[in-house]
């Protein structure tokens, strides 16, 4: 009998990994966290006061002349039970808006965070809102809905207390009472509540601003509050304190109070996040901020052992809110946003705060908004994504944030904005290994035509139903979350009416990704239609079948011009190579789907 010889070699590259579907809630490091306002209400929603808040002046029904927001959200994915009629019109029908009180809508927003790999949010709670019990209940309901949705979608969240406009006399009492209640309820112990340095995170935004609307005026009071959270409170209430501070915190000038005691306040925070919105208005200003603020800030925080979370934002406009300049700080197609992110990461930041996820009031929102005037109400002024001459999809800034998170996580700063950002990129390329489900096709319309990036060629199969192909993307392995089907030149009756996609790691055992997924393709020829679906599993090879056709009774074949599989390549993680009886076997630290060993 031959001797059994096993050699092992630790390797540092490749095999089948991706960022976890559930975000690690033990640290802020390498995370993108967004501010989430959630302050919008609508007449007819679940709120007892039955008025419009933040959408319009004086809580009146929005009519286009009383708007307080500059951007109109993209509501194309919303269901009827999430939308509330306004006094505005679109294409002759009532234009709708959403309410932050609707749990389904908050859940939709958090799902977008998952779809675009955004780690989580700080739920904004303005201390000033404590003066109105009904509105405070609304904001607490939003916070609870955020946590529930984070549980479902594997995101994380924390509470941030904004002291803007609060009373010097009782702001601390209100803040501390809410925190104690939150902890006692078990809220902060939830697995989706973010922890950092071993304690739940609490945000305090506004200490040290010199504008007169951010208490306290005495730095000793601010320092005592931070120290209460850090060490003076009973152990169960202690927290890691995230501070939203003036941009000039380090130098005690500009937007910061100037008394020397404020230095001790800023140095007491566990994480410091200088406010930047409106502090610059061009890429040159962004670069200047990096050299004069971010770089020296990081030197000081590193020396002090404080974490540093720069603030980035896409643009700014509050014409409807204040009558100021329209499109005051242009987004420039995302170049402004991307430059801030690149500079922060290039300077050495390992966490980023995005202002904001949903604030259309000041046009800083990164969620889906109207890309053109055709998708906005007929009345009033609306800032759309094409304002600076760019043709962009409504989710453009979510897509950019996706790539920013990858750039942050992998520490790979890239100064050039990506042309196709986001999780949905075609993982197939011309020349990838591809075979048909049968050989029943013309020589000039063979399976490789379906991935040749040419809509004027096509794949045709006379088997009609259940015909398709198998493709092995050269970037293997990958995770796909969508498919693009482009109609071919001939009769629409031949178009697929449904699709089934299966994936495999080993080429033997296949798992269903989607089954009999309906595809409503237009009769227009050479038309590209995108379909998204949920999937978190990686595969090396895919089978695509078309179970039904648009009209199988009259069609003589199945035809499709192009198929694109949308997804991303898996990220490397450590693995083991094992030589067993002369065969290389790869053992991954993560199971490889059906089995944990893959013979090559």
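Numbering (the working numbering), first residue to last: 14 to 613.
Beta carbons: idealized from backbone N, C-alpha and C, even for Gly.
How is residue 214 classed by DSSP in three states: helix, strand or coil? strand
Environment of residue 539 [buried if 16+ CB atoms lie within 10 Å]: exposed
State the DSSP-derived secondary structure class of residue 18, mapped to helix, strand or coil. Note that residue 18 scores a pLDDT of 29, beneath 50, so its modelled location is shaky; the value from the coordinates is reported in the next line. Coil, per DSSP.
Quick one, are the C-beta atoms of residue 319 and residue 282 less than 8 Å apart? yes
Three-state secondary structure assigned by DSSP to residue 297: helix
What does the Cβ neighbour count give for residue 588, buried or exposed, with the cut at 16 atoms within 10 Å? Confidence in residue 588 is poor, its pLDDT being 41 and thus under 50, which makes the residue's placement unreliable; the coordinate value appears in the next sentence. By the neighbour-count rule (16 or more Cβ atoms within 10 Å), residue 588 is buried.
Would residue 214 and residue 248 be called neighbours here (beta carbons separated by less than 8 Å)? no
Tell me which residues share the same chain as residue 451 and place their Cβ nearer than 8 Å to its Cβ, disregarding the 5 neighbours each side in the sequence. 474, 476 and 480
Alpha carbon of residue 2 to alpha carbon of residue 172, nearest angstrom: No answer is possible for residue 2: the residues shown for the chain start at 14 and end at 613.
Could you name each continuous alpha helix (DSSP H) segment of 4 residues or more that falls completely within the region 60-104, going from the start of the chain to the end? none
Euclidean distance between Cα positions of residue 295 and residue 331: 17 Å
Is the distance from the Cβ of residue 138 to the Cβ of residue 203 below 8 Å? no
Residues that residue 365 bridges to, as DSSP identifies them: 45
Does the Cβ of residue 592 have 16 or more other Cβ atoms within 10 Å, making it buried, or fewer, making it exposed? For residue 592, the pLDDT reaches just 36, beneath the cut-off of 50, and the residue's location in the model is therefore unreliable, leaving the point undetermined.
Whole angstroms are fine: how far does the CA of residue 309 sit from the CA of residue 236? 23 Å
What are the complete alpha helix (DSSP H) segments, minimum 4 residues, inside the region 102-133? 116-128
Please state whether DSSP places residue 557 in a helix, a strand or coil. strand
Only counting the same chain, and skipping five residues up and downstream in sequence, which positions put a Cβ closer than 8 Å to that of residue 69? 75, 76, 79, 80 and 81
Could you give the DSSP three-state label for residue 308: helix, strand or coil? helix
Give me the residue from 501, 359, 209 and 229 with the minimum Cα distance to residue 243. 209
Taking only three categories from DSSP, how would you classify residue 145? coil
What did DSSP end up calling residue 251 once you bin it into helix, strand or coil? coil
Please classify residue 533: is it buried, with 16 or more other beta-carbons within 10 angstroms of its beta-carbon, or exposed? exposed
Residue 130: which of 47, 60 and 555 sits nearest, CA to CA? 47
Can you name the residues that DSSP bridges to residue 468? Note: residue 468 sits in no beta bridge, so no partner.
In its own chain, which residues sit with a C-beta less than 7 Å from the C-beta of residue 567, not counting the 5 before and 5 after it? 506
Looking only at its chain, what residues have a beta carbon closer than 7 Å to the beta carbon of residue 389, apart from the 5 residues adjacent to it on each side? 85, 383, 395 and 397
Compare the C-alpha of residue 457 against each of 232, 471 and 146 and name the closest. 471
Which class does residue 26 belong to by DSSP, given the choice of helix, strand or coil? Because the pLDDT at residue 26 is just 27, under 50, the model does not fix this residue reliably, and the point stays unresolved.
Are the beta-carbon atoms of residue 423 and residue 346 separated by less than 8 Å? no
Presumed contact (8 Å Cβ cut-off) between residue 169 and residue 119, rounded CB distance: Incorrect: roughly 15 Å between the Cβ atoms, too far for contact.
List, from N- to C-terminal side, the alpha helix (DSSP H) runs of 4 residues or more that fit wholly inside the region 174-249. 184-197 and 232-240
In terms of DSSP beta bridges, what is residue 572 paired with? 473
Is the CB-CB distance between residue 417 and residue 354 below 8 Å? yes
Could you have a look at residue 586 and say whether DSSP puts it in helix, strand or coil? Note on residue 586: pLDDT 42, under 50, position unreliable in the model; no value is reported.
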